[in-house]
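Chains as they are written, first to last, in the numbering used here: chain U, 6 to 155; chain F, 395 to 508. Built from N, CA and C at the ideal position, the CB exists for glycine as well.
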């Protein structure tokens, strides 16, 4: 784990435990930052879905590949970055899970849920892995920088 | 909290009481195995009581869809009962609320089977 005053990052294995671990960290950090309960759930679920994609689809459970998870608290945002070491992904092939022909599919809803729950979702695939950035704006008393008022 | 299930029979309908989390891994596998086991034994009228399910992810949603289609493909019916607000909201935003037959009363759910 590497940590600075407002940024914390973790290097995690490509395992199911990492997914639960990432979700728990997101819940704890969002709670500490004072997000309301419904937004804590949204943030933790978005991180869980991002971790699922990194572990399953990116690294494909490969033991020699790692997932990097970072949380950064800026004045107005919680910025979460999840990186895998997979082969990248073709963004043009992400199906719309709300299309009638896809409604009964058993997968393909993760990115949709992330986009539903977060204010900004950026996906940057490359041949050496995919970087996912999830941003939630701070609306509560922490907006503008809680540290600045101390 | 991992997922737990228990099933009971009410007027020819199998009620599956689920609690905990339906997520990638154990939770999804338990649900899948439970529904497959019921269908293999000829129980084709199934109600998933999700009243104690406090968390579900996209994999869990996929398992609900899989349970629904697997049951339907075998000539049965699968309905959902007692959705928590979180699960209800997820089914709304994924438009699956219109796919599933969702009930909030067990007696009505049992009577709704043909």
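(Q) Does chain U have any CB closer than 7 Å to the CB of residue 398 of chain F? (A) Position 4 of the second chain holds residue 398 of chain F. Answer no: the Cβ-Cβ gap between residue 398 of chain F and chain U never drops below 7 Å.
Q | Complete runs of the alpha helix (DSSP H) confined to the segment 28-103 of chain U [at least 4 residues] | A | For the segment 28-103 of chain U, whole alpha helix (DSSP H) runs of length 4 or above, ordered along the chain, are 42-57.
Q) Using a Cβ-Cβ distance under 7 Å, would residue 109 of chain U count as near chain F? A) On the first chain, residue 109 of chain U is found 104 positions in, with the first residue counted as 1. Interface residue, yes.
Q: Take residue 439 of chain F and list the residues in its own chain whose beta-carbon comes closer than 7 Å to its own, dropping the five residues that flank it on each side.
A: Start at 1 with the first residue of the second chain, and residue 439 of chain F comes out as number 45. Exclusion of the five residues before and after residue 439 of chain F leaves 406, 407, 408, 470, 471, 507 as the residues of its chain whose Cβ lies within less than 7 Å of its Cβ.
Q) Would residue 419 of chain F count as contacting chain U if we go by Cβ distances under 7 Å? A) The residue you call residue 419 of chain F lines up with position 25 of the second chain. Yes - at least one Cβ of chain U is within 7 Å of the one on residue 419 of chain F.
(Q) Taking CB distances under 7 Å as the criterion, tell me whether residue 479 of chain F reaches chain U. (A) For the purposes of this step, residue 479 of chain F is taken as residue 85 along the second chain, with counting starting at 1. False, the Cβ-Cβ gap to chain U never drops below 7 Å.
Q. To which residues of the same chain is residue 99 of chain U closer than 7 Å at the C-beta, ignoring the five residues directly before and after it?
A. Residue numbering aside, residue 99 of chain U sits at position 94 when the first chain is read from its first letter. Counting only Cβ-Cβ distances below 7 Å, and skipping sequence neighbours, we find 116.
**Q.** Delimiting residues of the beta strand (DSSP E) encompassing residue 447 of chain F
**A.** Taking the second chain and counting its residues from 1, the one referred to as residue 447 of chain F is at position 53. That run of the beta strand (DSSP E) goes 439-450.
Q: State the DSSP-derived secondary structure class of residue 14 of chain U, mapped to helix, strand or coil.
A: Translated into the one-based positions of the first chain, residue 14 of chain U becomes position 9. Secondary structure of residue 14 of chain U (DSSP, three-state): strand.
Q) Three-state secondary structure (DSSP) at residue 23 of chain U? A) Within the first chain, numbered from 1, the residue matching residue 23 of chain U stands at position 18. The answer is helix: DSSP assigns residue 23 of chain U an H, G or I state.
Q) What span of residues does the beta strand (DSSP E) with residue 472 of chain F cover, start to end? A) On the second chain, residue 472 of chain F is found 78 positions in, with the first residue counted as 1. For residue 472 of chain F, the enclosing beta strand (DSSP E) covers residues 471-475.
Q) The alpha helix (DSSP H) spanning residue 127 of chain U covers which residue range? A) As a working mapping, residue 127 of chain U is identified with position 122 in the first chain. DSSP places residue 127 of chain U in no alpha helix (DSSP H) but in the uninterrupted beta strand (DSSP E) bounded by 125-131.
Q. Which class does residue 135 of chain U belong to by DSSP, given the choice of helix, strand or coil?
A. Translated into the one-based positions of the first chain, residue 135 of chain U becomes position 130. Three-state DSSP puts residue 135 of chain U in a strand.
Q: Could you tell me if residue 473 of chain F is buried or exposed, where buried requires 16 or more neighbouring beta carbons within 10 angstroms of its beta carbon?
A: Mapped onto the second chain, residue 473 of chain F falls at position 79. A residue is called buried once 16 or more other Cβ atoms fall within 10 Å of its Cβ, and residue 473 of chain F is buried on that count.
Q) Which value, in whole angstroms, describes the spacing of the CA atoms of residue 12 of chain U and residue 501 of chain F? A) Residue numbering aside, residue 12 of chain U sits at position 7 when the first chain is read from its first letter. Residue numbering aside, residue 501 of chain F sits at position 107 when the second chain is read from its first letter. Taking the Cα positions, residue 12 of chain U is about 52 Å away from residue 501 of chain F.
Q) How many angstroms separate the CA atom of residue 110 of chain U from the CA atom of residue 503 of chain F? A) Start at 1 with the first residue of the first chain, and residue 110 of chain U comes out as number 105. Start at 1 with the first residue of the second chain, and residue 503 of chain F comes out as number 109. Their backbone Cα atoms lie some 25 Å apart in a straight line.
Q) Going by other Cβ atoms of all chains shown within 10 Å of its Cβ, with 16 needed for buried, is residue 47 of chain U buried or exposed? A) On the first chain, residue 47 of chain U is found 42 positions in, with the first residue counted as 1. That one is buried.
Q: For residue 414 of chain F, write down the residues that DSSP places opposite it in a beta bridge.
A: As a first step, residue 414 of chain F is located in the second chain; it is residue number 20 there, counting from the start. According to DSSP, residue 414 of chain F bridges with F:447.
Q | residue 109 of chain U Cβ short of 6 Å to the ligand HEM heavy atom set | A | The model depicted lacks the ligand HEM and carries no ligand whatsoever.
Q | chain U residues whose Cβ lies nearer than 7 Å to that of residue 524 of chain F | A | Given a span of 395 to 508 for chain F in the structure shown, any question on residue 524 of chain F remains unanswerable.
Q: Could you tell me the boundaries of the alpha helix (DSSP H) in which residue 406 of chain F lies?
A: What you label residue 406 of chain F is simply residue 12 of the second chain in a count that begins at 1. Neither: residue 406 of chain F is in no alpha helix (DSSP H) and is coded neither H nor E.
**Q.** Environment of residue 457 of chain F [buried if 16+ CB atoms lie within 10 Å]
**A.** Working through the second chain from its first residue, we reach residue 457 of chain F at position 63. So residue 457 of chain F ends up on the buried side.
(Q) Assuming contact is defined by CB atoms lying nearer than 7 Å, are residue 416 of chain F and residue 447 of chain F in contact in what I supplied? (A) The count along the second chain starts at 1 and reaches residue 416 of chain F at position 22. The count along the second chain starts at 1 and reaches residue 447 of chain F at position 53. Closer than 7 Å, so yes.
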